[in-house]
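Quick notes on the structure that follows.
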Amino acid sequence: MTIKESPTKGVPVIKINRNQRLATMDKLAIEEPLEIRLAFGADLNRTVKSISVTMRTPGSDAELATGFLFTEGIIKDMNDLASVNHCFIACAENKENVIQVELSEDAIPELKNTERNFYTTSSCGVCGKGSIAAIKTVSAFQPGQNEDFFITREMMLELPDRLRLYQDIFDVTGGLHACALFNTSGELLLLREDVGRHNALDKLIGAALEKDLLPLENAVLLLSGRASFELVQKAAMAGINIIGAIGAPSSLAVQLAGEFGITLVGFLRQQRFNIYTMGQRILIPKYEN
2 MTIKESPTKG
12 VPVIKINRNQ
22 RLATMDKLAI
32 EEPLEIRLAF
42 GADLNRTVKS
52 ISVTMRTPGS
62 DAELATGFLF
72 TEGIIKDMND
82 LASVNHCFIA
92 CAENKENVIQ
102 VELSEDAIPE
112 LKNTERNFYT
122 TSSCGVCGKG
132 SIAAIKTVSA
142 FQPGQNEDFF
152 ITREMMLELP
162 DRLRLYQDIF
172 DVTGGLHACA
182 LFNTSGELLL
192 LREDVGRHNA
202 LDKLIGAALE
212 KDLLPLENAV
222 LLLSGRASFE
232 LVQKAAMAGI
242 NIIGAIGAPS
252 SLAVQLAGEF
262 GITLVGFLRQ
272 QRFNIYTMGQ
282 RILIPKYEN
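The working numbering numbers the first residue of the sequence shown as 2 and each following residue consecutively.
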């Protein structure tokens, strides 16, 4: 039996507003660990390996697991997969915090990529050049190949407001990161939310992988927060050409975007933004400087 966990939880809170005090209930985004296990090998000699433990918001766990395995270069595509299911682990709270990805018998996972572990957390402290070179060796798609993909400045400016229209859980909790895919007409293609920005993007790419939408060369990725190295890396693995971030990019994120030919936009808010790399994909009227 599958246990449907809510992404939010009500907690008692005392709200202070100047000289007013109010005891009430507040909704918070749930944060729970998820262990991703990988089963592979011949039917009579299967190996089960724990690949990662990540803190996430329950929901879209299968997408998170497959997206993570793909963006880490462990699997190549959906053909490697046989099934993805939660494991029943005796737990007093009946939580579904372990998920097992079963590979097909002939699929060979790139387990050496689990040992690098240089982009699963935002504080991994990696060598920039070495990490970028390593990503290039496992990327199935190369962004920057689509020379005819553009978005207008006006549409770019509209994307944050369009994102907020669909952020259901954020509107309740105010505590989730969101990643969304739009086409150049501003139509929402996919959206996923999570307490972890990298989890939200893994869920998004996992959903795109399941829908056979990769490479995402004709989609614009919008990040609700900052653009880190790990997020640009995951976008590069999915073949994304344009990334817009409502927050700031890191220096290594800009370097990686430049190496992969990705257009990276930061501080996309309040009707303004900065273009850091590959600005030719943002169409601006010629009469403006």
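Glycine is no exception: its CB is placed at the ideal position from the N, C-alpha and C atoms.
Please read all numbers here as calculations on a predicted model, not as lab measurements.
(message) Which residue marks the beginning of the beta strand (DSSP E) containing ASP162, and which one marks its end?
(response) ASP162 -> not in any beta strand (DSSP E); alpha helix (DSSP H) instead, spanning 154-167.
(message) On the CB-based measure, 16 or more other CB atoms within 10 Å of its CB, does LEU112 come out buried or exposed?
(response) exposed
(request) Drop a sphere of 10 angstroms on the beta-carbon of THR25, count the other beta-carbons inside from all chains shown, and report buried for 16 or more, exposed for fewer. (result) That one is exposed.
(request) Determine the direct distance from the alpha carbon of ILE276 to that of THR264, and round the result to whole angstroms. (result) 8 Å
(message) Nearest by alpha-carbon distance to VAL12: which of LEU29, GLY240 and GLN21 is it?
(response) LEU29
(request) Quick one: residues in its chain with C-beta nearer than 7 Å to the C-beta of GLY42, no 5 flanking neighbours on either side, listed in chain order? (result) THR48
(request) Label GLY280 either buried or exposed according to how many other C-beta atoms from any shown protein chain fall within 10 Å of its C-beta, with 16 as the threshold for buried. (result) exposed
(request) Locate the beta strand (DSSP E) running through SER53, then write down its first and last residues. (result) For SER53, the enclosing beta strand (DSSP E) has its first and last residue at 48-57.
(request) Express the C-alpha separation of GLY187 and THR153 in angstroms, rounding to a whole number. (result) 10 Å
(message) Quick check on the burial criterion: 16 or more other C-beta atoms within 10 angstroms. Buried or exposed for CYS180?
(response) buried
(message) Assuming contact is defined by CB atoms lying nearer than 8 Å, are LYS10 and ILE31 in contact in what I supplied?
(response) In this structure, LYS10 lies near ILE31, with their beta-carbon atoms less than 8 Å apart.
(message) Considering Cα atoms alone, identify which of ALA220, ALA228, SER84 and GLN146 is closest to GLU106.
(response) SER84
(request) Taking LEU158 as the reference, give the member of SER7, GLN146, LYS287 and ARG273 with the closest Cα. (result) ARG273
(request) Please find out if some non-hydrogen atom of the ligand ZN comes closer than 7 Å to the beta-carbon of ALA141. (result) The ligand ZN is not among the ligands present in this structure, which contains no ligands whatsoever.
(message) Tell me the residue span of the alpha helix (DSSP H) that contains ARG198.
(response) 198-211
(request) Identify which residue in SER7, VAL14 and ARG282 has its Cα closest to the Cα of PHE151. (result) Across the set SER7, VAL14 and ARG282, the C-alpha of ARG282 shows the shortest separation from the C-alpha of PHE151.
(request) Give me whichever residues DSSP pairs with ASP195 in a beta bridge. (result) HIS178
(message) If the criterion is Cβ atoms closer than 8 Å, does the pair ILE247 and GLY226 meet it?
(response) yes
(request) Would you mind stating whether ILE35 and THR55 have Cβ atoms separated by less than 8 Å? (result) Note that residue 35 corresponds to Leu in the displayed sequence, not to Ile. Going by beta carbons, LEU35 and THR55 fall inside the 8 Å limit.
(request) With DSSP collapsed to three states, give me the class of ARG282. (result) Correct three-state label for ARG282: helix.
(message) If I measure Cβ to Cβ from CYS88 and keep anything under 6 Å in the same chain, skipping five residues before and after, which residues do I get?
(response) VAL99 and GLN101
(request) Run the CB neighbour count on LYS50, radius 10 Å, all protein chains shown included, and call it buried at 16 or more, exposed below. (result) exposed
(message) Would ASP203 and THR72 be called neighbours here (beta carbons separated by less than 8 Å)?
(response) Contact: yes.
(request) If I'm right that LEU177 touches PHE183 with Cβ under 8 Å, what's the distance once you round it to whole angstroms? (result) Contact flag wrong, Cβ pair sits at about 18 Å.
(message) Rounded to the nearest angstrom, what separates ALA40 and GLY259 at their Cα positions?
(response) 36 Å
(message) Between the alpha carbons of ILE109 and ILE75, how many angstroms are there, rounded?
(response) Cα-Cα distance, rounded: 9 Å.
(request) From the DSSP output, in three-state form, read off ASP81 for me. (result) helix
(message) If you follow the beta strand (DSSP E) that GLY267 is in, where does it begin and where does it stop?
(response) 264-270
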